[in-house]
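Engineer: In this note's numbering, the protein residues as written are 355 to 533.
All C-beta atoms, glycine included, are put in the ideal place defined by N, C-alpha and C.
Treat the numbers as computed from the prediction; the structure is a model and nothing was measured.
Below you can see the structure in the form of structure tokens.
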């Protein structure tokens, strides 16, 4: 059992009990009722794949990951949640989150800057009787920042006398490749 409730009853038979007597105990009866709560039902976690836009940045922070939890057992009011993020898919969790639970939905704010990519969040819910469930859900941060060319400005050349054409290679304009 995971919880124990003890109720103490006192019954007085007023036909026999004498309150001002020497306390011989006649007419007063005491009884303890013990209720043991047994709960083997584990919580159930569900979550969906989430997608976030990084906007014009290369990463994102301040976004909220969510899941839902249900516990049909007797200890449902005592769910304790854990949440962790696995950045590189090695089942080692780089970030531990501080989730909050409102009775059906759990949410966790990610305050770290997470670069664009696909990741996993690990959720675990444990009820007051020690029963637990865990689930791994994926989320992605979509890179919506357009690439930007880094070019050298001011390149000049002459046209070929016979055709009026010139060949210019893209690498001639690439600022990243020049030192």
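Is the distance from the Cβ of residue 435 to the Cβ of residue 479 below 8 Å?
Structural biologist: Yes.
Engineer: By alpha-carbon positions, which one of 357, 447 and 400 ends up nearest to residue 474?
Structural biologist: Ranking 357, 447 and 400 by Cα distance to residue 474 puts 447 first.
Engineer: Kindly indicate which three-state DSSP category residue 393 falls into: helix, strand or coil?
Structural biologist: Coil at residue 393, not helix or strand.
Engineer: With distances taken between CB atoms, is the gap from residue 426 to residue 477 smaller than 8 Å?
Structural biologist: Not closer than 8 Å, so no.
Engineer: How about residue 462 and residue 392: are their beta carbons less than 8 Å apart?
Structural biologist: No, the Cβ-Cβ distance between residue 462 and residue 392 is not below 8 Å.
Engineer: Once DSSP output is grouped into helix, strand and coil, what is the label at residue 440?
Structural biologist: Strand at residue 440.
Engineer: Provide the residue(s) that pair with residue 372 in DSSP beta bridges, ordered along the chain.
Structural biologist: The partner list for residue 372 (beta bridge, DSSP) is empty, contrary to what the question assumes.
Engineer: One question on the structure: do residue 405 and residue 414 come within less than 8 Å of each other, judged by their Cβ atoms?
Structural biologist: Against a cut-off of 8 Å, the Cβ pair of residue 414 and residue 405 comes out as no contact.
Engineer: DSSP three-state label for residue 462, please.
Structural biologist: Here residue 462 sits in strand by DSSP.
Engineer: So, for residue 387: in the same chain, excluding its five sequence neighbours on each side, which residues have a beta-carbon less than 6 Å away from its beta-carbon?
Structural biologist: Hits under 6 Å: 361.
Engineer: For residue 381, collect the residues of the same chain with a Cβ closer than 8 Å to its Cβ; drop the 5 residues on either side in sequence, then sort them by chain order.
Structural biologist: The answer, listed in chain order, is 366, 367, 368, 369, 370, 371 and 372.
Engineer: Starting from residue 489, follow its DSSP beta bridges and name the residues at the other end.
Structural biologist: Residue 489 is bridged to 477.
Engineer: Can you round the beta-carbon distance between residue 491 and residue 403 to whole angstroms, since I take them to be within the 8 Å contact cut?
Structural biologist: Residue 491 to residue 403, Cβ: 7 Å. Contact.
Engineer: Using 10 angstroms around the beta-carbon of residue 481, count the other beta-carbons present and answer buried if the total reaches 16, otherwise exposed.
Structural biologist: Buried: at least 16 other Cβ atoms inside 10 Å.
Engineer: From residue 471 to residue 433, what distance separates their C-alpha atoms?
Structural biologist: The alpha-carbon atoms of residue 471 and residue 433 are separated by roughly 31 Å.
Engineer: Which residue wins for smallest C-alpha separation from residue 488, given the options 457, 390, 524 and 401?
Structural biologist: When only C-alpha atoms are compared, the closest one is 401.
Engineer: Let me check understanding here. Comparing Cα to Cα, which of 494, 524 and 454 lies closest to residue 423?
Structural biologist: Out of 494, 524 and 454, 454 has the C-alpha closest to the C-alpha of residue 423.
Engineer: In terms of DSSP beta bridges, what is residue 524 paired with?
Structural biologist: Paired residue(s): none; residue 524 is not in a bridge.
Engineer: Terminal residues of the continuous beta strand (DSSP E) containing residue 422?
Structural biologist: Residues 417–424.
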